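In this note's numbering, the protein residues as written are 342 to 559.
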């Protein structure tokens with residue numbers, strides 16, 4: 342009897358372990374993590390203060406619960422960037438995403454390949470674009486400041502899939518295309534390192550498919 346109980350417990354633990362690993366794999370980030378405010382303050386020996394630029398609300402589950410999106414910039418900060426912190430607040434908790442190198446307002450340069458991108462924004466914001474890309478996925482796009490010849494960061498949060506906002510993409514790319522490339526009912530992305538006037542072939546393009554809330558290379 343004892344041996345049977347131990348076997349049952351071991352089997353149950355194995356199942357739980359597999360479930361946990363699968364959940365972690367589905368949350369794999371494309372690109373690099375963002376540093377926290379506290380980490381950057383320690384590196385610079387400097388305490389940040391923030392100025393709120395806008396507040397927006399969005400309903401993500403077709404019920405009474407809403408998320409509040411707060412866009413802020415660092416006070417008295419001389420480096421580039423129109424804003425540096427995104428706070429996503431639910432009724433229970435707040436989640437913070439920080440980029441001391443700066444994100445910028447969404448303009449013609451950021452949407453040079455997809456001019457209609459801002460028109461489908463789910464919120465009235467100059468700073469971020471919120472897009473419903475499937476029945477389960479609502480994504481927030483933020484565009485980083487472009488240094489030298491490198492594109493700015495393309496930062497993408499999944500607001501709805503995982504029970505809390507998660508950073509799923511954070512790398513230096515232009516958003517080239519935003520469409521369902523494999524006809525599975527979710528919107529995928531195609532990215533490039535090249536500006537529009539520099540691209541003369543499809544060799545620089547990379548496609549990422551949205552699967553289970555995260556992006557995967559095609």
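Yeah, the Cβ is synthetic: ideal placement off N, Cα and C, and Gly gets one too.
As the structure is a computational prediction, the values presented were derived from the model and not from experiment.
- In this structure, DSSP gives residue 439 an extended state, which the three-state scheme calls strand.
- A straight line joining the alpha-carbon of residue 380 with that of residue 414 spans about 17 Å.
- In the three-state DSSP reduction, residue 478 falls in the coil class, being neither helix nor strand.
- The beta carbons of residue 453 and residue 537 sit closer together than 7 Å.
- Measuring C-alpha to C-alpha distances from residue 476 to each of 427, 497 and 526 identifies 526 as the nearest.
- Within the DSSP secondary-structure output, residue 391 pairs in a beta bridge with 415.
- Taking a contact as a CB-CB distance under 8 Å, the pair residue 549 and residue 371 counts as one, their CB atoms being some 6 Å apart.
- Inter-residue distance for residue 530 and residue 553 is about 15 Å (C-alpha atoms, whole angstroms).
- CA-to-CA, the gap between residue 503 and residue 479 works out to about 11 Å.
- Assignment of residue 409 by DSSP, reduced to helix, strand and coil, places it in the strand class.
- In this structure, the beta-carbon distance from residue 424 to residue 375 does not fall below 7 Å.
- For residue 380, there is no enclosing beta strand (DSSP E); the residue is part of the alpha helix (DSSP H) that begins and ends at 378-385.
- In the structure shown, the three-state DSSP call for residue 434 is coil.
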